[in-house]
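For the sequence shown, counting from 1, position 53 maps to 52 in numbering that gives the first Met the number 0; every step adds exactly one. Virtual Cβ for every residue (Gly too), placed ideally from N, Cα, C. Right, one structure below, let's go through it.
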Amino acid sequence: MVDLNRYRKWFYAAAAYNAVWGTIVGLFPGLIFKWLGMPLPNYPSLMQAIGMIVGVYAIGYWLIGLNPQRYGPFVYIGLAGKILGPIGFAYSAMKGELPWSFGLVNVTNDLIWLPSFIPFAWAVYKNERLN
């Protein structure tokens with residue numbers, strides 16, 4: 000059985016990051032667009048909904064940090080978002096719907112977490128197979 004506890008700090012950090020990011024986007028839905036010099040969206044409530052979704056991920060990551068053995072499979076949900084988010088962004092950027100600079104959001108929200116999420120997900124999978 001693979002020891003999952005060594006990843007706990009990563010998930011506490013991911014929980015804190017997502018809680019802060021979700022709160023900021025929820026309260027200030029145009030802030031990212033202003034920072035990137037983009038026009039403000041016509042429907043700020045859509046960004047607020049994205050902030051809420053990201054904030055909800057924080058709960059799952061916190062639970063993984065508390066008990067990686069019990070809540071470890073939640074990582075599959077987070078990993079799906081961390082893979083599909085950048086793919087969706089790249090598709091939108093290639094179509095000209097988003098500027099490439101908006102990819103900075105994917106760097107901090109998704110890509111920096113992959114070096115911990117992928118091996119953790121693999122370890123969870125291996126542990127599930129052993130049980």
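Restricting to runs no shorter than 4 residues, where is the alpha helix (DSSP H) found entirely within the region 10-69? 30-34 and 43-65
Could you pull out every unbroken alpha helix (DSSP H) segment of at least 4 residues lying fully inside the region 75-115, listed in chain order? 102-108
Can you give the beta carbon distance from LEU39 to GLY50, rounded, assuming they're within the 8 Å contact cut? Not a contact, Cβ separation roughly 15 Å.
Just to confirm my understanding: we take PHE32, look at its own chain, exclude 5 residues before and 5 after, and list those with CB closer than 6 Å. What are they? LEU39
Is it buried or exposed, MET0, if we count other Cβ atoms within 10 angstroms and call 16 or more buried? exposed
Does the beta-carbon distance from GLY64 to PHE10 come in below 8 Å? yes
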